[in-house]
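Numbering (the numbering used here), first residue to last: 194 to 666.
C-beta atoms are modelled at their ideal positions from N, C-alpha and C, and glycine is treated no differently.
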Ligand SMILES: Cc1cc2nc3c(=O)[nH]c(=O)nc-3n(C[C@H](O)[C@H](O)[C@H](O)COP(=O)(O)OP(=O)(O)OC[C@H]3O[C@@H](n4cnc5c(N)ncnc54)[C@H](O)[C@@H]3O)c2cc1C
């Protein structure tokens, strides 16, 4: 098939990566067919669905991701706000606690919108559905790739509809996007066709989530839209509380290294009370639970190194979690998928797909920074296994010191938040202007239960940061 002709594209997976890829391919005048196992028509819109079980848990949309979504779907931010999703600044209207320090409060000019994953996905899906050359198929399993006889390029996908009496068929396409998420079957399909499997990088953090929704009084968190507490080496657990659409709050608690929050209601609130800072615990005390907690296990961040394979079929493009599933406590996955969608736009030559090697290298380049952040964060916890090179140890110590200084220095807080939001690359944190402030900065002692062992005397080892105790030069 001559891929320079406008043709057909199949997107496997209607998660965020698949929807954004479909949006880009549609503007390149391809006939785009989006295939998913789930019923995307008759199932309730905006409700969690089976193919995306992580959708029941907090899904922070980082500011860079919001910017890209707004660029691809003008008016989306307004639509979400009109549906009741709060929008606000990452530092000015929310509370960020990292390495046991509460970041200085300041306007970082990093607007985000706090919305549930199912609702965000439903809004984006509706926009994609409106595109005249995009169609969504009925619930269908993609079983494998169909390749040309020389196995050099894709000519479609083998599918089986989820309906009685269905038979396997081939959907023809000159371009196939693998947006199947972390469970992507591309590695085994490549093996099947003699390409070999990609090497896989893996950092095992044995993370567990537990999530519950609440109705809370309006004055909770002093009007802020959310609070995040990251793990610390001494206490590798944390949580997020955020207001979302529908006048609800979502609480996701998490713990690494098998220290998983319970789903039993009392255990859930006890876990919240054990966190280093008291915001979530206090908020929940005045809250009305709307459902029972649900759990999610995330054993490891994994990164498939497709860019290192010697051969790769032309016309097959993996994207999103199919390439790299990042520890979700950093909230980067949807934004990484959005950055890759922009790269797809850059690399399409008319309606012809990018050259595979160029695509895979670019995807790897986009993943590098968030992967390094996740690996650095996970390896800051001594029990997490992984290669602690001199660079990793040095950067870990530097970032911990930056977090301490950011408790008092709004400029450092903003610099770090911009990197975390995937607006700036991590290298900006090493620039002299930032490094000088880190090295000269006031060195706050993390609150008890942060870096230090839990305080004795408190039932959960929690205490509020004491501004007098916090500072030592
Ligand atoms: C617990 C958890 C919390 C997270 N929190 C955040 C967060 O706060 N912020 C953030 O940005 N990201 C977060 N993420 C990551 C985020 O969910 C993903 O990065 C993002 O959704 C992009 O994923 P995707 O579209 O590549 O895959 P997915 O969203 O997983 O979608 C894959 C789709 O492919 C379909 N599919 C799979 N195989 C087949 C097949 N063979 N045939 C047909 N269909 C198939 C599935 O049904 C599904 O619809 C979190 C992830 C987890 C696990």
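Check                                                                                                                                                                                     : Outcome
Take residue 278 as the anchor and find which of 311, 234, 291 and 467 has the nearest alpha-carbon.                                                                                      : 311
Just checking, does the segment 396 to 404 make contact with the segment 513 to 531 on the three C-beta pairs under 8 Å criterion?                                                        : yes
Quick check on this structure: which residue in 510, 560, 471 and 550 has the alpha carbon closest to the alpha carbon of residue 495?                                                    : 560
If distances are taken between C-alpha atoms only, which option among 388, 332 and 305 comes closest to residue 235?                                                                      : 332
Please report the distance separating the alpha-carbon of residue 630 from that of residue 215.                                                                                           : 44 Å
With a cut-off of 8 Å on the beta carbons, I'd call residue 569 and residue 592 a contact; round off their distance for me.                                                               : 7 Å
How is residue 521 classed by DSSP in three states: helix, strand or coil?                                                                                                                : helix
With respect to the alpha helix (DSSP H) encompassing residue 453, which residues constitute its N-terminal and C-terminal limits?                                                        : Segment: none, residue 453 is in no alpha helix (DSSP H) and carries neither H nor E.
Which term fits residue 371, buried or exposed, when burial requires 16 or more other beta carbons within 10 angstroms of its beta carbon?                                                : buried
Could you pull the start and end residues of the alpha helix (DSSP H) that residue 590 belongs to?                                                                                        : 583 to 599
Identify the residues that DSSP records as bridge partners of residue 433: which are they?                                                                                                : 421 and 445
Whose CA, out of 531, 518, 356 and 338, lies closest to the CA of residue 616?                                                                                                            : 531
Along the chain, where does the beta strand (DSSP E) that runs through residue 407 open and close?                                                                                        : 392 to 408
Might you give, ordered along the chain, the residues of its own chain that have their beta carbon closer than 7 Å to the beta carbon of residue 483, omitting 5 neighbours on each side? : 406, 407, 408 and 441
Residue 282 and residue 303 look like a contact to me (Cβ under 8 Å); what is the Cβ gap, rounded to whole Å?                                                                             : 6 Å
Kindly indicate which three-state DSSP category residue 228 falls into: helix, strand or coil?                                                                                            : strand
Should residue 270 be labelled buried (16 or more other beta-carbon atoms within 10 Å of its own) or exposed?                                                                             : buried
Restricting to Cα atoms, I'd like to know which of 472, 388, 228 and 385 is closest to residue 446.                                                                                       : 472
Of all the beta strand (DSSP E) runs that stay within the bounds of the segment 232 to 314, which reach a length of 3 or more residues?                                                   : 280 to 282, 287 to 291 and 304 to 306
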